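Chains as they are written, first to last, in the numbering used here: chain A, 2 to 543; chain B, 2 to 543.
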C-alpha cells in the first residue's frame, strides 16, 4: 500500500514542490499585506505521542485489527481544514484504539458482533476524505473504545452486467481503481467528485456524494441500483431493480446514512458507456444576474449539459481562468451516442439571448474540456486539495462551503452569503477577505453554489478562528433557506447551528428509531447526523 | 361534487353505452367460445345494507365526519378487480364507520388526535383509485372503529414559483384540476398515470406513482421538492431544496409510505413548461428480442424519448393498434425548448440498425401523438378502466400486473411470465388465455413490463379465481427477480407471496421502528406494507 499523508491530502510521496509552496506563500503575503509569515514544519509521525489503545482484539480477530502508530494517526481525522490543522500541529487526543481491515463481509459481521458485545464504537472509513468530521474517532467516554473500520481490502469489481450497464462493486474501492477496471468494458461510473483519487464507492453512497458533472446523472443517489449493508442486527440487501414502487425505497435510507445505520459493503451501480463525443464552449458575462439567468434557462431546457459551471469573476480570476472582469460559464456536453452540435448550438442561442458572449467560430475539438479556460479550471480543480497544505502550515484558512437553493431565491442568496460571510470573517479575523462563488450543480428548480474564501489566522489561532467562521456559515445557509450541505455530507461539523435545525424533528425521530432497530447499542459512528440517546457524545463544535 | 360510481370507474353519469357494453360481451363470447354469459346487474346503493357505525364523532369534529351511506360504500374499496367485483356483488362487510372530510391541515391534526386517543384506524383516501388494496377499510377487530380520511377538500394550488418552476400544492387535488390550474402559468406537472382523472397528488406521492412517460422525468419521486405530512406525533415538513446531501432524504421515506407514516397534506412539486415541440414515429418489428434490444439501445442513448412504449404483437392487436403480426414501438419526443428532429432521427437510426421498420417520409405534425397507431393506443389507454365494468358484470377477470427487471434478464423474464401465468390461468380456470405485454417505462439499466390478461370465471367464482391468479403472479414476479410492483404500490394485495419476500427484513424492521416513532398506536392504514406488531390484522389474501 502506498502510504498516505496523515497531515495532508494525497500520498506521502506527493509533496508540493518548493516552487509551489513559495508561490502560495507569496500569495498569502500579498493577500494579507504581510512582510513575513510564520510557517510550522510538517509533522513527523514518530514525534507524535498517542494514548495507549484501551482495547485489545480477541484472538479470533487478531489478524484483522491493528494498533499500528501511523495507521492510528491516519485514521484519527478526515481532510477538513481543522483536521489538517490539528494533524499539522500534532494534536491527536482521540485516535482510534484499533483499526480494522476486514477482508470480506463475514469479517465485518464478526467485527461488529465483537464491538456490539463490548460497547466499542465503530467508525466506517473509506478513503478518509471527509471534510465534515464524518470519520473522526472522537466518541466520548461512554464507550470502552473506538475502532476505525477501513474498507480498503474490499476493493473489487465483482461482476459486470454489460447489457444492463451495471456492476456489482465492493464499497472500499477507490475512484481510480474502479474506473480502470470499468474501462476494460468501455464503461464508466462517471462519478468524479473532487476527492475522486482518495474516496471510495462506499463513502460516496454513505455521504450522498455529488459528482463533477453539473446536470442530470451526477449524484451517486441516481447511480445506485441496490445496496448491501452490514448492521449489528444482520445484513440488509436490497433487490437489484431499475425502478420500483414497492414501498419507500430501501436504498434511499442507506444512501446518506453516513455510517450510522451500518457498513455498506457492496452495491450494484448503474454505469454509462464512456463518452466519445464532446462539445464545449466558455461563455462570458458582464452581469452576474444575467449569467445566473442564462444558467437557469439552460438548466430548464432539458439539454442536460455535462458541465454548466458558472464561476463569478473573482472565482475565475483566482483559478487562473479569467482576468476578473467577467463571469465565466463553462458549458460542455458529452455523449457516448451522438454528435452534440445541435445541443451546444441551442444552448448558445439560449445564453446569447441573455447577454452571454462567446467566440465565433468556436473551437471544436475532442479534448476541448481539457484546454482553454475550461482546461485551466479543470487543472485547478484537481490540484486544489494539494495546495491547502501550504496554507495550513502558515495558519491561513483556505476553505469552502456549499449549499443549494431554489432559483427564485438564487441571486439574492448568493449575494447575501458572499456579503455576510465576508463581513463575519472580517469581524472574526480583523482582515478583509473575498468570498467567491461557483455553481457546482444546476437543477431545473435550483442551483448549488459553492463558496471559497481565504481567512487570516496563525497556526495557534487557526482552529478556533475556523470554528467561528464555520458556525457562521452553517447559520447563514440555514437562515436564508438553503441546506447546510449539498454534497459534502453532515458529519459532525455541519450539525451545530446547521443540520440540527434543518432536519425536521419528526424525521430525526424516525431515523433515530430506525437506527435503534439495527444498532441498539449505538456503536456505529456515534455523533454523526445525531447523538444517540443512550450514549454521551459531545459535538466538538458546540 | 359530481357523484362517483361506488361499483366502477369514473363518475356515476359516465356509463358505458349499450353499444360498448354489447361489444365487450361479444368479445367475451368469442374469446371463451361461449354462446351466452351470465350478467349481473349494476347494484343500487339503497339495496345494500351496511353495519351500523361503531363510533360517533365528538361534537368538536361533527362537521368533519360523515356516516352517509353512499360515502361509506364509496370509501370501502379502491378500484382493483376484486374491489369492483365485491362492489358489483354488493359485498360490503367492512365499510368505514365514518368518513372524514377535513378542510385543512389543522382539521387533520384534530382528527388524528381523536383517533389516536380512541384506538380508531385511519385510512387516508385521495382519489380512491388504488388497485392493490391501499384504501380498503378492513382492519380487523382490534380497533374500536375505522375512518376513511378523504382529502378532497385540500384541493388547491397554493403558490406558484415560476422562476424555479415549482408549486406548493395540496394533496387532495385531482389530476385534471391540478393541470388546469398550472396551465394558466404555462406549466405542467407532466405526471399522467392512467388513473389521472381520479387520483390525487397525495396519492401519487404516497404510492410512488409512475407517469405516462417512458423515460427520465415521469416518476412522482423525482418531482417532489418537499413534503408536509401530519402524523399522530406532529407535523413533519421538509425544506424546499433542489438537491441536498444532508443525511438520508426526509422526503424519500414519505414517498411510497402508503399512508402508514402519516397523512401527506401538501408538497412543493417540480414542474415543467408545457411542451410545444413534438416528434413521433411508430416503429414495427418482426422479432420481439430485436424489438427489446432496440428499446434498450434507445434507453441507453441519453436521447430521453417521452414515449418508448413497446407493445408486443398481441397487445398491439388487442388495443386496435396493429394486426397482430408485428411488435409496435411507439417512439415520441416532446420539448418545451427545441425542435426534435435531431433526437428522433438519431433514435430511428438506432432502431433501424436492429431491424425496426418505419414509414419514410415519416409523418410530422404537432398532434402526431394523438393520431395513427400512437393515437389509437392513447385512446385505448385512457378508456381501458371504463371497459372493465362490463367484464366484471359477467364474472370475467380483466386484469394487469406490472413489474421491472434489469436488461440482462429482460427477454427471458417476459417470456417466462407470459408463459407461466398463462399456464397457471389455464390450470385455475380451465380455459386458455393470452397474457400480453407492453413496456410502460424503460431505464438505462432495465425495463418495466406490464402484463394484461383476461381470465374466465363467473360472477360467483370471480373473486376466488382472481385471488389465486394474483398470488401466482406475485410469486412468479418475485421468484424471477422482479418486483411485485413497479408503480401500482403494495397495499395489501401485493404483500402475500410478494412484497413480504421482496423487502429486506432489516429494512422492514427500520421502517416499522420509524412508524412506531410517529404512530405508536398503529392507527394509520394498518395492514398496508406490513402488519403492526401491536394490532391484529389479517391480510385477506393469506
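The beta carbon of each residue, even a glycine, is placed where N, CA and C say it ideally should be. These numbers come from a predicted model, not from an experiment.
Proximal residues to residue i (C-beta, below 6 Å), its chain only, five neighbours per side dropped
i, result
"residue 414(B)", "406, 481"
"residue 68(A)", "54, 99"
"residue 226(A)", "167, 241, 269, 271"
"residue 120(B)", "144, 145"
"residue 546(B)", "Shown here, chain B extends from 2 to 543; a query on residue 546(B) therefore has no answer."
"residue 86(B)", "393, 463, 464"
"residue 355(B)", "291, 294, 295"
"residue 217(B)", "305"
CB contact flag (residue i, residue j, <8 Å)
i, j, result
"residue 231(B)", "residue 204(B)", "no"
"residue 148(A)", "residue 97(A)", "yes"
"residue 249(B)", "residue 254(A)", "yes"
"residue 455(B)", "residue 399(B)", "yes"
"residue 334(B)", "residue 307(B)", "yes"
"residue 124(B)", "residue 150(B)", "yes"
"residue 233(B)", "residue 491(B)", "no"
"residue 190(B)", "residue 158(B)", "no"
"residue 337(A)", "residue 276(A)", "yes"
"residue 289(B)", "residue 313(B)", "yes"
"residue 171(B)", "residue 156(B)", "yes"
"residue 516(A)", "residue 261(A)", "yes"
"residue 129(A)", "residue 95(A)", "no"
"residue 472(B)", "residue 436(B)", "no"
Buried or exposed (CB count within 10 angstroms, at least 16 for buried), residue i
i, result
"residue 445(B)", "buried"
"residue 162(A)", "buried"
"residue 463(A)", "buried"
"residue 410(A)", "buried"
"residue 127(B)", "buried"
"residue 521(B)", "exposed"
"residue 63(B)", "exposed"
"residue 210(B)", "buried"
"residue 23(A)", "exposed"
"residue 36(A)", "exposed"
"residue 339(A)", "buried"
"residue 117(B)", "buried"
"residue 527(A)", "buried"
"residue 324(B)", "exposed"
"residue 273(B)", "buried"
Any C-beta of chain E under 8 Å from that of residue i
i, result
"residue 237(B)", "No chain E appears in the structure shown, which is made up of the protein chains A and B."
Under 8 Å from the C-beta of residue i: neighbouring residues of chain B
i, result
"residue 251(A)", "504, 505, 508"
Contacts that residue i makes with chain A (C-beta to C-beta distance below 7 Å)
i, result
"residue 257(B)", "246, 248, 249, 250"
"residue 267(B)", "Correct list: empty, because the minimum Cβ distance to chain A is about 14 Å."
"residue 336(B)", "303"
"residue 289(B)", "By Cβ distance, chain A contributes nothing, its closest Cβ being about 16 Å from residue 289(B), past 7 Å."
"residue 511(B)", "254, 515, 518, 519"
"residue 81(B)", "Those within 7 Å of residue 81(B) in chain A number zero; the least Cβ separation is about 15 Å."
Contacts that residue i makes with chain B (C-beta to C-beta distance below 9 Å)
i, result
"residue 500(A)", "247, 248"
"residue 328(A)", "Result: empty, since nearest Cβ-Cβ is about 19 Å, beyond 9 Å."
"residue 546(A)", "In the structure as shown, chain A begins at 2 and stops at 543. Residue 546(A) is therefore absent and cannot be evaluated."
Closer than 9 Å at the beta carbon, the chain A residues around residue i
i, result
"residue 401(B)", "Simply none; closest approach about 14 Å."
"residue 211(B)", "244, 246"
"residue 490(B)", "246, 247, 248"
Cutoff 7 Å; reference residue i; Cβ partners in own chain excluding five residues on either side
i, result
"residue 483(A)", "404, 405, 406, 414"
"residue 500(B)", "485, 491"
"residue 389(A)", "10, 85, 399"
Contact list for residue i against chain A, beta-carbon separation under 8 Å
i, result
"residue 226(B)", "407, 446"
Per-residue contacts from residue i into chain B (C-beta, under 7 Å)
i, result
"residue 167(A)", "407, 446"
> Which parts of the region 260-328 of chain A are runs of the beta strand (DSSP E), unbroken and 3 residues or longer, counting only runs that do not cross its ends?
Replying inline: 264-271, 278-286, 308-312
> Which parts of the region 191-233 of chain B are runs of the beta strand (DSSP E), unbroken and 3 residues or longer, counting only runs that do not cross its ends?
Replying inline: 225-232
> Which residue spans inside the region 451-507 of chain A form an unbroken alpha helix (DSSP H) run of at least 4?
Replying inline: 463-480
>> In chain order, what are the residue ranges of uninterrupted alpha helix (DSSP H) at least 4 long that sit wholly in the region 33-115 of chain B?
In response: 70-75, 82-89
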